[in-house]
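One structure below.
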Amino acid sequence: MYLQEYFIPYLISNLIAILILLVAWKAPRWARWSIVLIFIWASAVNAYTANTTPEVYLEYAPMTIPIYRSFINGWFAAHVQMMVTLIAIGQLTIALLLSLKGFWFNLGILGASIFLLAIAPLGVGSGFPFSLIMVAALFLLYKYYNRKTNIITTESLPI
Numbered sequence: 019m020y021l022q023e024y025f026i027p028y029l030i031s032n033l034i035a036i037l038i039l040l041v042a043w044k045a046p047r048w049a050r051w052s053i054v055l056i057f058i059w060a061s062a063v064n065a066y067t068a069n070t071t072p073e074v075y076l077e078y079a080p081m082t083i084p085i086y087r088s089f090i091n092g093w094f095a096a097h098v099q100m101m102v103t104l105i106a107i108g109q110l111t112i113a114l115l116l117s118l119k120g121f122w123f124n125l126g127i128l129g130a131s132i133f134l135l136a137i138a139p140l141g142v143g144s145g146f147p148f149s150l151i152m153v154a155a156l157f158l159l160y161k162y163y164n165r166k167t168n169i170i171t172t173e174s175l176p177i
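So, in structure tokens, the structure goes:
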């Protein structure tokens, strides 16, 4: 029912996720900055929508699993603007962290992965399996950016 209504955005989001996964495998730097831009875009859209038409977030309830549906129709319904604004701040923070190096980049990978796994139960509303494909891309980026730092040589060992 909902897939038919949201078919075009659903298709586009999943094609983008597959493309980013492939790019993460072949050209990780491009994938990294693409993900940073996606999180910046999502942050801006959520911040704007939360402050102009927050009621649209309640439309996700019928598309999701029962526990999420209860939350959306319950507490969340009374606090949409605040919650989605906080989500937007979190998305912007993830984008910032992913643009940094070392520990901060890894923290961004963790934050992005938790966020994407948390929205997966929204189903069609989150473009499922978009979020799972993006987590796979983040894993590839993590491996790529941490492969140099995980190499232990005899020269690096204290004697």
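Residues 19 to 177 in the numbering used here are what the sequence shown lists, from first letter to last.
Note that CB positions come from ideal geometry on N, CA and C, so glycine has one too.
Between the segment 110-125 and the segment 138-154, the count of C-beta pairs closer than 8 Å stays below three; the two stretches do not touch. Residue nearest to L76 within the set M101, A62, K119, V54 is M101 (criterion: CA-CA distance). Here N32 is near G145, since their CB atoms are less than 7 Å apart.
If you draw a 10 Å sphere on the C-beta of F57, you find 16 or more other C-beta atoms in it, and that means buried.
Take I127, set aside five residues on each side of it, and the residues of its chain with a beta-carbon closer than 6 Å to its own are L156, Y160, in chain order. Rounded to whole angstroms, the gap between the alpha carbons of P80 and L37 is 29 Å.
Counting only residues of its own chain and dropping the five nearest sequence neighbours on each side, A49 has a CB closer than 7 Å to the CB of I38, V41, A42, A155, L159. When N164, W93, N69 are compared, the shortest CA-CA separation from W122 is found for N164. When DSSP states are grouped into helix, strand and coil, I83 belongs to the coil group.
Going by beta carbons, T103 and A68 fall inside the 7 Å limit.
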